[in-house]
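A quick write-up on the structure given underneath.
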Amino acid sequence: MNLQPYIASGILELYVLDLLSQDEKIGVERMLKVYPLLKEEVLAIENALENYAHANAIKPSKKLEKEITEIVHNLAIEQDISFEQLPIINEYSNYHNWLPLINQIKPHIIDGGIFTKVLKYNDEISQVLVVSEINIPEEVHDNELESFLILEGNCECIVSGKSRFMGPGDFMAIPLYEPHDVIIKSKQVTAILQRVKV
Numbered sequence: 000m001n002l003q004p005y006i007a008s009g010i011l012e013l014y015v016l017d018l019l020s021q022d023e024k025i026g027v028e029r030m031l032k033v034y035p036l037l038k039e040e041v042l043a044i045e046n047a048l049e050n051y052a053h054a055n056a057i058k059p060s061k062k063l064e065k066e067i068t069e070i071v072h073n074l075a076i077e078q079d080i081s082f083e084q085l086p087i088i089n090e091y092s093n094y095h096n097w098l099p100l101i102n103q104i105k106p107h108i109i110d111g112g113i114f115t116k117v118l119k120y121n122d123e124i125s126q127v128l129v130v131s132e133i134n135i136p137e138e139v140h141d142n143e144l145e146s147f148l149i150l151e152g153n154c155e156c157i158v159s160g161k162s163r164f165m166g167p168g169d170f171m172a173i174p175l176y177e178p179h180d181v182i183i184k185s186k187q188v189t190a191i192l193q194r195v196k197v
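Residue 0 is where the sequence shown starts when you use numbering that gives the first Met the number 0, and the numbers rise one by one after that.
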């Protein structure tokens, strides 16, 4: 069979790019099983596209590259979280990774409506476990970026008069100079509170 018209039709390129309908895709896969030459052509197309991508890749800025590297590194730390090496919390944090660690130190009974335990403290950052049954009064920060990750419970965070309902897994970064307070909406809320010096 002369396969050149089939190859020249562009259907193999569309197959590699996953732009075919399900029926067309099945048809190409049948042809690939019957004709080894078509498999070779598909590999050549894949290699050509990969080479094109490398040749035309745009290198990210140093700042973006650093941010991406830090996020990936931080997520790796979070996978093997320990009290000796705590990750920075951010919008990519997975609260499920924190729960087993925090449950080792979380109290069963809270005296005075709120429990706090410093997890990490140095010149640049502090992280505190907060378990609260009471509302957190309004505060404003001018020299540190505050953020928190909700681990358990529900609350309403009000920043400069704008309200946001939050539950397990939700992350919030508080801008500098913005008044904010927290209203507890469940029996208690467990969160990681983080402050980074600016």
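Backbone N, C-alpha and C fix where the C-beta goes; we use that ideal spot for every residue, glycine too. A quick note: this is a predicted structure, and the numbers were derived from the prediction, not measured.
- By a beta-carbon distance limit of 8 Å, G166 contacts I149. Their separation comes to about 6 Å.
- When only Cα atoms are considered, R163 and V33 end up about 59 Å apart.
- The Cβ-Cβ distance between D169 and N134 does not fall below 8 Å.
- Apart from the 5 residues on each side of it in sequence, K186 sits with its Cβ closer than 8 Å to the Cβ of E132, G152 in its chain, given in chain order.
- By the Cβ test, the region 70-87 is not in contact with the region 108-117, since fewer than three Cβ pairs between them sit closer than 8 Å.
- Beta-bridge pairing by DSSP links I135 to V181.
- Between C156 and K184 a beta carbon distance of about 10 Å is seen, past the 8 Å cut, so the two are scored as non-contacting.
- Beta-bridge pairing by DSSP links Y120 to S125.
- Distances from the CA of I80 to each of K196, L98, L19 were compared; the closest alpha carbon is that of L98.
- The beta carbon of V129 is closer than 6 Å to those of T115, A190, L192 in its chain, skipping five residues each way along the sequence.
- In the DSSP annotation of this structure, the continuous segment of the alpha helix (DSSP H) that includes M30 starts and ends at 21-33.
- Of the candidates N89, H53, D22, the residue whose Cα lies closest to the Cα of E145 is N89.
- By the 16-neighbour rule on beta-carbons within 10 angstroms, L63 is exposed.
- Each of I104, K105, V71, I113 was checked against the Cα of N93, and the nearest Cα belongs to V71.
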